[in-house]
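A.B. asks: Got a structure here, written out as structure tokens. Questions coming.
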Amino acid sequence: MSSSSRGIAPPLDWCALVAEAIRRRKEEKLTQRAHAALANVSIPTIVAFDHGERTLTLAKAFDILRVVGLIDEPADGNAQERFVEDAFARWRELTAALPADSPGRFPHGWCRVDYALEGELKQPTLPALMDMLREAMNPHTGWPLFRAPARHENAPREVDGMLECWTAPHDGDADRVADDAARYAFWRAAPAGRMVLIRGYREDAQETFRPGTLLDTILPIWHLGEVLLHAASLAALMRHNPDAAVTIHLRVLYTGLNGRVLRAWANPLSELLVEGTPARGDEAMLEASVPAGDIPGRLAHHLFPLIASLYERFGVTGLSERRVQAEVERLPGSRSSRTNDGRGNRAPREGT
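Quick look at the structure:
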């Protein structure tokens, strides 16, 4: 059968497509790690793609090609994916001005969290969205994850029709202890109910052990608990009426896990004294879709599969929901989550 009888589409030249993807990646000054993160694939997968291997699933290949503009998609494609990709590109733009060895580039790895609210939602103006974000913010773990500083240098601002906040230490900071990865964070918020956060590891800012060697057992529970509580509070503020159902679509990407071990550090008195083998792989992607109204009363239930999946990367199995519940109850300020009535009404904060 001649090629003309098969239609007008020419045969796919896979090697040329891979070469063009690599060329565009270099043109955009993306590393393999950054390309993999934007495509939500592992580093071994991006390496296999670069070698022209044809064992990749079509979905993963499309994810890789999409990042460098080699997939022609309709306008109503994955809006959350594009939102996250644009935010990641913006973060790279902001960090490009930092010195090559700056901890603000998160050389030992970083955590990216994004969520999208689905349901009958209001479409607030940016000032109204900022008010909602401030009301949803609660410092369960010290500085809130979606912190909105008041000072001019770090205050949230409008960029491309969204709110974004890039917090970094500045010369003259009265409380500046050190220029370390824990002092940097970037988040973006869209009026459609989309959030994304990129931050370094607190574990990499300690003097008692080297950066890139430890992941705390407790901090992921606290941080992901705070993210879900934030999403539930924002959903309560954004939904059209108190009875409207809203679903939270959550994703969490941990990078730079190679060489790390799981160990209790943030709370040495915790009962969760697990310690596994060094991480299996450099990345972990965790995903969940959760009813927003379910979060206040069943936070541990929804955290459990996420934390169990993360622990498995370190060879730790047998985690129980009861142990996660015990840590949730120790989460600073967690009483507010237990008394939240699902409509944004919370008890007074208890500490930071």
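Okay, so the sequence shown: first residue is 17 according to this note's numbering, each after it adds one. All residues carry an ideal CB built from backbone N, CA and C; glycine is no exception.
Classify Thr71 as buried or exposed, calling it buried when 16 or more other Cβ atoms lie within 10 Å of its own Cβ.
C.D. replies: In this structure Thr71 is exposed. Its beta-carbon is surrounded by fewer than 16 other beta-carbon atoms within 10 angstroms.
A.B. asks: What whole-angstrom Cβ distance do Gly272 and Asp298 have, given they're in contact under 8 angstroms?
C.D. replies: The C-beta distance from Gly272 to Asp298 rounds to 7 angstroms, short enough to fall under 8 angstroms.
A.B. asks: In whole angstroms, what is the alpha-carbon distance linking Leu28 and Asn56?
C.D. replies: In a straight line, the C-alpha of Leu28 is about 24 angstroms away from that of Asn56.
A.B. asks: Roughly how many whole angstroms lie between the Cα atoms of Thr111 and Thr47?
C.D. replies: 14 angstroms
A.B. asks: Quickly, what does DSSP pair Leu182 with across the bridge? List them, please.
C.D. replies: As written in the sequence, residue 182 is Trp, which differs from the Leu given in the question. Phe202.
A.B. asks: Straight-line CA distance for Arg41 to Glu345?
C.D. replies: 45 angstroms
A.B. asks: For Leu250, which residues in the same chain have their Cβ closer than 8 angstroms to its Cβ, ignoring the five residues on either side in sequence?
C.D. replies: Leu133, Met148, Leu149, Ala152, Gly209, Met211
A.B. asks: For the beta strand (DSSP E) containing Met301, name the first residue and the last one.
C.D. replies: 300 to 307
A.B. asks: On the DSSP letters alone, give me the boundaries of the beta strand (DSSP E) that Leu161 sits inside.
C.D. replies: Counting along the chain, Leu161 falls outside any beta strand (DSSP E), and DSSP gives it neither H nor E.
A.B. asks: Could you give the distance in angstroms between the alpha-carbon of His67 and the alpha-carbon of Phe330?
C.D. replies: A direct Cα-Cα distance of roughly 28 angstroms separates His67 from Phe330.
A.B. asks: Which residue's Cα is closest to the Cα of Ala103: Ala300, Ala113, Ala205?
C.D. replies: Ala205
A.B. asks: Please classify Gly216 as buried or exposed, where buried requires at least 16 neighbouring CB atoms within 10 angstroms.
C.D. replies: Classification for Gly216: buried.
A.B. asks: Could you pull out every unbroken beta strand (DSSP E) segment of at least 3 residues lying fully inside the segment 205 to 258, listed in chain order?
C.D. replies: 210 to 215, 230 to 232
A.B. asks: Are the segment 172 to 180 and the segment 301 to 313 touching by the rule of at least three beta carbon pairs closer than 8 angstroms?
C.D. replies: Flag = no, the segment 172 to 180 and the segment 301 to 313 do not touch.
A.B. asks: What residues match up with Tyr131 in a beta bridge as DSSP calls it?
C.D. replies: Met211, Leu266
A.B. asks: Quick check on Glu328: does DSSP put it in helix, strand or coil?
C.D. replies: helix
A.B. asks: For the alpha helix (DSSP H) containing Arg173, list its first residue and its last residue.
C.D. replies: Run containing Arg173: none in the alpha helix (DSSP H); it sits in the beta strand (DSSP E), 173 to 175.
A.B. asks: When you compare the CB positions of Asp196 and Gly125, do they come within less than 9 angstroms of one another, or not?
C.D. replies: no
A.B. asks: Kindly indicate the opening and closing residues of the beta strand (DSSP E) around Val277.
C.D. replies: 277 to 279
A.B. asks: Can you list, in chain order, the residues of its chain with a C-beta nearer than 6 angstroms to that of Ala248? Leave out the 5 residues immediately preceding and following it.
C.D. replies: Ala308, Ile311
A.B. asks: Less than 8 angstroms between the CB atoms is what I'm expecting for Glu180 and Arg106, so what's the real figure, rounded?
C.D. replies: About 7 angstroms separates the two Cβ atoms, so the contact holds.
A.B. asks: Measure the CB-CB distance between Leu142 and Arg255 and report whether it falls below 9 angstroms.
C.D. replies: no
A.B. asks: Taking the alpha helix (DSSP H) that Trp30 belongs to, which residues open and close that run?
C.D. replies: Run containing Trp30: 30 to 43, per the alpha helix (DSSP H) assignment.
A.B. asks: On the CB-based measure, 16 or more other CB atoms within 10 Å of its CB, does Val34 come out buried or exposed?
C.D. replies: buried
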